[in-house]
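Engineer: Take this structure first; my questions come after.
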Amino acid sequence: MKVSFFEKLKAFLVVNRFEFTPVSEGIILSFMILNLGSFKELISIPVILAFITYNIATYWGGAINVYFDYNFDKKSPTKVRLTKAIDVLGKPFVRKMLVVEFLLFSLSGFLLSYFTKNYNLLILLIIGTFFTMAYSIEPLRFKRRGILNSISLFLIIMFLPPLYGWLTLNSSLSVPVFLMILGLAFVQYGNGLYYTAADYTEDKADGIITPPVQMGVLKAVKVSLLLVMLGGILLVYGYSNLEYLNTSGLILTTLGQLVPFLGILQLLVKSKNDTTVMETLIKRYEMRIPVWVAISSFSILFSNVFFMIYR
Numbered sequence: 044m045k046v047s048f049f050e051k052l053k054a055f056l057v058v059n060r061f062e063f064t065p066v067s068e069g070i071i072l073s074f075m076i077l078n079l080g081s082f083k084e085l086i087s088i089p090v091i092l093a094f095i096t097y098n099i100a101t102y103w104g105g106a107i108n109v110y111f112d113y114n115f116d117k118k119s120p121t122k123v124r125l126t127k128a129i130d131v132l133g134k135p136f137v138r139k140m141l142v143v144e145f146l147l148f149s150l151s152g153f154l155l156s157y158f159t160k161n162y163n164l165l166i167l168l169i170i171g172t173f174f175t176m177a178y179s180i181e182p183l184r185f186k187r188r189g190i191l192n193s194i195s196l197f198l199i200i201m202f203l204p205p206l207y208g209w210l211t212l213n214s215s216l217s218v219p220v221f222l223m224i225l226g227l228a229f230v231q232y233g234n235g236l237y238y239t240a241a242d243y244t245e246d247k248a249d250g251i252i253t254p255p256v257q258m259g260v261l262k263a264v265k266v267s268l269l270l271v272m273l274g275g276i277l278l279v280y281g282y283s284n285l286e287y288l289n290t291s292g293l294i295l296t297t298l299g300q301l302v303p304f305l306g307i308l309q310l311l312v313k314s315k316n317d318t319t320v321m322e323t324l325i326k327r328y329e330m331r332i333p334v335w336v337a338i339s340s341f342s343i344l345f346s347n348v349f350f351m352i353y354r
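Shown next, in the form of C-alpha cells:
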C-alpha cells in the first residue's frame, strides 16, 4: 500500500517527538533572555546556531529512543503510534535520518563554540550526546539501570538545555541563575518521574528498571512531589536574588510551579495511599503531565521576559 507524502511527514514528526518542541524552546529561550537587553539581540549568529544545535539534537534524541524502544513500545497501547510511525518510514530510512541529524547538530555545535570561543558549550553537547545514546542503546542502555536512568534524564532533558541556553550568551554563571536552572531541572524531573510511573506495569514486565519500578509507584509519586517542591523553592529563591527584582515575574514563577505541585498532591490524596488506585489515576490523567510541564516552563520564560523588559 502506497503511503502519501503527508503520512510520511506526520510519521517523521512523530519519530522525532516534535510535540515536545514548544516546551523545549521555552526552556532554552528562558535563560538566553536573561542575558539580553532587547528581543533584537536574539537575531545573532550564536543564538541561531544554538537553536539549530539544540533542536536537531533534541529531535535526534527523541528518534534514538523511539527507534531502540521499538520492540518494547509495540506492547504498550499508549505508544503504538510511535511504532507505527517507524513502520511508515521504514527502519533503513530512520537509521539514515539518525546519522544525518547527528552530523548536522555536531557541526552546528562546533561552529557555535568556535564563534563564541566558549568551548564549554561543546563539552555540554558531548556530555548530552553520550547520555542520550547510553540511555537507549545496548549494551549500556541506562534506561533500564535505575539510578543511571535518573541521571541521564536529569542531564539531557532537564539540566543541560537551560545551562546551554545561558552559556550561549554568557561565559560565566552567577549563583542565582545556577539555582534557577537547578530548580527548573528539579521541577521538570519531578514531573518526568511522575510521567514515567505511568509505564510502571509495562516497564516492570520488560525488566526495565526505572525509578518507579525500583521504588514502587506510590513512593515514586511522593518523591516526584518533593522534587517539584524543592525545585520551586530554588527557582523562587534564585529569581528573587537576581540583580533586579521583578515582582510580577516572581509571582508568575511561583504560580507556575504550584500547578504541578498541587496536581500531584491532589492525586496522592485521591489515591488514599493505595498503590492500585494510584496506578489507575496515573493512567487516567497521564496527559496532564505535558500541561504541567508547559505551564512550569513557560512561567519561567515569561518571568524572564519581564525581567529583561523592566530591569
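The opening position of the sequence shown corresponds to residue 44 in this note's numbering, with each subsequent residue numbered one higher.
Virtual Cβ for every residue (Gly too), placed ideally from N, Cα, C.
Note that this is a predicted model, so its numbers are computed, not measured.
What are the boundary residues of the alpha helix (DSSP H) that proline 362 is part of?
Structural biologist: Within the shown structure, residues of the chain are numbered from 44 to 354, placing residue 362 beyond reach of any answer.
Engineer: What first and last residue would you give for the alpha helix (DSSP H) that runs through glutamate 322?
Structural biologist: Run containing glutamate 322: 318-327, per the alpha helix (DSSP H) assignment.
Engineer: In whole angstroms, give me the CA-to-CA distance for leucine 168 and glycine 152.
Structural biologist: Spanning the two alpha carbons is a distance of roughly 7 angstroms.
Engineer: DSSP three-state label for arginine 138, please.
Structural biologist: DSSP places arginine 138 in helix when its eight states are reduced to three.
Engineer: Using a Cβ-Cβ cutoff of less than 8 angstroms, which residues in the same chain neighbour arginine 331 once the five nearest sequence positions on both sides are dropped?
Structural biologist: Excluding sequence neighbours, arginine 331 sits near Gly306.
Engineer: Please report the straight-line C-alpha distance between leucine 198 and phenylalanine 304, rounded to a whole angstrom.
Structural biologist: Straight-line Cα distance between these residues: approximately 21 angstroms.
Engineer: Comparing C-alpha positions only, which one of Ser149, Gly189, Leu278, Leu308 sits nearest to isoleucine 294?
Structural biologist: Looking at the Cα atoms, Leu278 is the closest of the given residues.
Engineer: Where does serine 73 land, buried or exposed, given buried means 16+ other C-beta within 10 angstroms?
Structural biologist: Flag for serine 73 reads buried.
Engineer: Taking the alpha-carbon of isoleucine 251 as reference, which of Val109, Asn192, Thr290 has the nearest alpha-carbon?
Structural biologist: The shortest C-alpha separation from isoleucine 251 is found at Asn192.
Engineer: The alpha helix (DSSP H) spanning tyrosine 287 covers which residue range?
Structural biologist: Note, tyrosine 287: premise wrong, no alpha helix (DSSP H); not H, not E.
Engineer: Starting from asparagine 234 and walking both ways along the alpha helix (DSSP H), at which residues does that stretch end?
Structural biologist: From DSSP, the alpha helix (DSSP H) with asparagine 234 extends over 218-240.
Engineer: Considering Cα atoms alone, identify which of Val220, Gly189, Ile352, Glu144 is closest to threonine 290.
Structural biologist: The residue with the shortest Cα to Cα distance from threonine 290 is Ile352.
Engineer: Provide the residue(s) that pair with arginine 188 in DSSP beta bridges, ordered along the chain.
Structural biologist: Note: arginine 188 sits in a beta bridge opposite Ile252.
Engineer: Between isoleucine 70 and proline 204, which are expected to be in contact by the criterion C-beta below 8 angstroms, what is the C-beta distance as a whole number of angstroms?
Structural biologist: Indeed they touch by this definition, with Cβ atoms about 5 angstroms apart.
Engineer: I want to check one thing, is the minimum distance from the CB of arginine 184 to the heavy atoms of the ligand SAM below 6 angstroms?
Structural biologist: The model on display carries no ligand, and the ligand SAM is accordingly not part of it.
Engineer: Measuring only the C-alpha atoms, how far is phenylalanine 229 from valine 264?
Structural biologist: Cα to Cα, the separation comes out at about 14 angstroms.
Engineer: To which residues of the same chain is phenylalanine 115 closer than 6 angstroms at the C-beta, ignoring the five residues directly before and after it?
Structural biologist: Hits under 6 angstroms: Asp249.
Engineer: If you draw a straight line from the alpha carbon of methionine 75 to that of phenylalanine 82, how long is it in whole angstroms?
Structural biologist: Between methionine 75 and phenylalanine 82, the C-alpha separation is close to 10 angstroms.
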